[in-house]
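**Student:** Numbering (mature numbering (1 follows the signal peptide of the UniProt record, and there is no 0)), first residue to last: -26 to -1, 1 to 482.
1. Counting pairs of beta carbons, one from the stretch 383 to 393 and one from the stretch 348 to 361, are three or more of them closer than 8 Å?
2. How is the alpha helix (DSSP H) around residue 267 delimited, first residue to last?
3. Whole angstroms is fine: what's the gap from residue 213's alpha carbon to residue 219's?
4. Tell me whether residue -23 is buried or exposed, calling it buried when 16 or more other Cβ atoms sit within 10 Å of its Cβ.
5. Going by DSSP, which residues form a beta bridge with residue 371?
6. I want to know whether the stretch 281 to 289 touches the stretch 447 to 467 - three or more CB-CB distances under 8 Å.
7. Would residue 355 and residue 71 qualify as a contact pair, given that the criterion is a beta-carbon distance under 7 Å?
8. What are the partner residues of residue 326, as DSSP defines its beta bridges?
9. In chain order, what residues of the same chain lie with their CB nearer than 8 Å to the CB of residue 18, ignoring the 5 residues before and after it?
10. For residue 440, report the span of its beta strand (DSSP E) as first-last.
11. Secondary structure at residue 122, three-state DSSP: helix, strand or coil?
12. For residue 39, I'd like the list of residues in its chain whose CB is within less than 6 Å of its CB, leaving aside the five on either flank, ordered along the chain.
13. Counting Cβ pairs closer than 8 Å, one from the stretch 289 to 304 and one from the stretch 268 to 277, do we hit at least three?
14. Would you call the stretch 103 to 113 in contact with the stretch 396 to 411, where contact means no fewer than 3 C-beta pairs closer than 8 Å?
15. In whole angstroms, give me the CA-to-CA distance for residue 421 and residue 382.
16. Where does residue 466 land, buried or exposed, given buried means 16+ other C-beta within 10 angstroms?
17. On the three-state DSSP scale, how would you describe residue 185?
18. Taking buried to mean at least 16 other C-beta atoms within 10 Å of its own C-beta, is residue 271 buried or exposed?
19. Buried or exposed: where does residue 474 fall if 16 or more other Cβ atoms within 10 Å of its Cβ makes it buried?
20. Excluding the five sequence neighbours on either side, which residues of its own chain have a C-beta within less than 7 Å of the C-beta of residue 222, listed in chain order?
21. Grab me the residues of residue 8's own chain with a C-beta within less than 7 Å of its C-beta, minus the 5 sequence neighbours each way, in chain order.
22. Given 8 Å as the limit, is there contact between the stretch 432 to 449 and the stretch 293 to 303, that is, 3 or more CB pairs closer than that?
23. Can residue 51 and residue 368 be called in contact, C-beta distance under 7 Å?
24. Any idea if residue 127 is buried or exposed, counting beta-carbon neighbours within 10 angstroms, 16 or more meaning buried?
25. Please name the residue in 59, 225 and 346 whose C-alpha comes closest to that of residue 27.
26. Tell me residue 457's beta-bridge partners as DSSP assigns them.
27. Is residue 229 near residue 178, with beta carbons less than 7 Å apart?
28. Is residue 487 helix, strand or coil by DSSP?
29. Does the pairing of the stretch 423 to 437 with the stretch 312 to 327 give three or more beta-carbon distances under 8 Å?
30. Quick check on the DSSP output: the beta strand (DSSP E) that includes residue 43 runs from which residue to which?
31. Taking the DSSP output, what are the residues bridged to residue 357?
32. Give me the Cα-Cα distance between residue 21 and residue 32, rounded to the nearest whole angstrom.
33. Please state whether the Cβ-Cβ distance between residue 438 and residue 314 is less than 7 Å.
34. Measure from the alpha carbon of residue 434 to the alpha carbon of each residue in 55, 58, 370 and 334, then state which is nearest.
35. Tell me the residue span of the beta strand (DSSP E) that contains residue 473.
36. Between which residues of its own chain and residue 132 is the CB-CB distance below 6 Å, once the five residues before and five after are set aside?
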């Protein structure tokens, strides 16, 4: 009898208790000045409004609700920033309060116990790991040491395109650029190219693309920790995650073992695995933790998932925009050929004189930033953002794609006009928040210099060596500019162009 009374009391009091808790929460929220945002649904929040291309959906919502917008992804309060002023506040003024990473893009996806420099939460370990990457792996000295690899790989790509030019065969530029960045990155990291090796036989690039797709996906377990794993298992996402990173882990293990068993006497041509194994041997410590094999794997994961697609998509979008804008292509080509003369190749010393090409790249990254929504941050402490309250454990997205198309910032924002950057101090290095394709503040991409060195050299040689035409029957307006979903937004329809051997004289 007593037990029956107890259950009856609980059944009656539980709804009242829940109402009381909700009332307290709503009262506390009313005391705060929260950012505006669209109404959310119970449990799922605003998930239903993301759409297949979340950066575009969020930009449309921000046009209605403002440049600092609050949405809910499951139970996670999420701040979406769509203006340079708000981005500057979050990534510079309040950088320390918003520089951690949410777990959804952290250790659970990479299986390396919070070792990845891009995704690990903020703390002593992350600071020391980033210092290691900036000083040892991506320093200008290290970037220059890989110059011979850049020039060799670009030369190989140009020679393969020349064969197509001789036969009058159109070239899939998307594939060419992806192969270029894959070969370069594999040689820099592993000491051997991707094509023509066991890396190609084992499907390494398929593994990288799958890893990028997984990192760009919205896993239910990220936002609904209690029940989301059931959804992920039902949809197969969980098994795809496990398989993807297990395959990459196995391959990294093979590469590391190969390097351990190889004696390299020429330190001038050491690759990144060599550098990291040397640190392991020297018992290098990060925040009191010795560098171990898992750390090396995590850094390699960061390099491939962050580097291969980034360079390729920027080059792909550049050539697509040039194909749609013949005036700009002619101007860029004339500058390059005037600067380089009759030399067969554009070399890195020539790049400093290619002012217009640099304007073209700025304009490409305004319209097509490699990271359309910068990798999300998680707030550590409470702060005010544009007068609104932002609480700890909030997720912060910066819509770099949206800011690049804001008519309040750019005249004729949908048009491709590189001249808009003439006599402008704006660059893409994280100092001007109108254009932050590589992020800003503590979390700015440490490999930016490495990626841009390859992009500039490759595009300069592609434009120097060939004239480019659209396949027969196509006009500029037929170039498909649809975006594909992913962490790095790529062209949904690959770009195909017809190379014509340059009409100007080139010395052999």
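For every residue, glycine included, the Cβ atom is placed at its ideal position computed from N, Cα and C.
**Tutor:** With the given structure in hand:
1. The stretch 383 to 393, when compared against the stretch 348 to 361, does not touch it at the 8 Å Cβ threshold.
2. Residues 267 to 298.
3. Taking the CA atoms as reference points, residue 213 sits about 10 Å from residue 219.
4. In this prediction, residue -23 has a pLDDT of 47, which is less than 50 and means its spatial position is unreliable; what the coordinates show is noted afterwards. Exposed: under 16 other Cβ atoms inside 10 Å.
5. According to DSSP, residue 371 bridges with 54.
6. As far as the Cβ criterion goes, the stretch 281 to 289 touches the stretch 447 to 467, which means the pair count is three or higher.
7. Yes, these two residues count as a Cβ contact at 7 Å.
8. Beta-bridge pairing links residue 326 to no other residue.
9. Answer for residue 18: 48, listed in chain order.
10. Going by DSSP, residue 440 is part of the beta strand (DSSP E) stretching over 440 to 443.
11. For residue 122, the secondary structure class from DSSP, reduced to helix, strand or coil, is helix.
12. The residues are 10 and 11.
13. Taking 8 Å as the limit for Cβ pairs, the verdict is that the stretch 268 to 277 does not touch the stretch 289 to 304.
14. For the pair of segments examined, the stretch 103 to 113 was found not to touch the stretch 396 to 411: the number of CB pairs separated by less than 8 Å stays below three.
15. Approximately 31 Å between the Cα atoms of the pair.
16. Under this definition residue 466 is an exposed residue.
17. Helix.
18. Sixteen is the threshold: when 16 or more other Cβ atoms of the shown chains lie within 10 Å of the Cβ of residue 271, as they do, the residue is buried.
19. Exposed, by the Cβ-count rule.
20. Excluding sequence neighbours, residue 222 sits near 181, 185 and 275.
21. Same-chain partners within the cutoff: 44, 362 and 363.
22. Yes: at least three Cβ pairs fall under 8 Å.
23. Closer than 7 Å, so yes.
24. With 16 or more Cβ atoms within 10 Å of its Cβ, residue 127 is classed as buried.
25. It is 346.
26. Bridge partners of residue 457: 465.
27. Going by C-beta atoms, residue 229 is not nearer than 7 Å to residue 178.
28. Beyond the ends of the chain as shown, which are -26 and 482, falls residue 487; an answer cannot be given.
29. They touch, by the three-pair rule.
30. In the DSSP annotation of this structure, the continuous segment of the beta strand (DSSP E) that includes residue 43 starts and ends at 42 to 47.
31. The beta-bridge partner set that DSSP reports for residue 357 consists of 364.
32. About 11 Å.
33. In this structure, residue 314 lies closer than 7 Å to residue 438 by Cβ.
34. Of the listed residues, the one whose Cα sits closest to residue 434 is 334.
35. Residues 470 to 475.
36. Only 435 and 439 meet the Cβ criterion.
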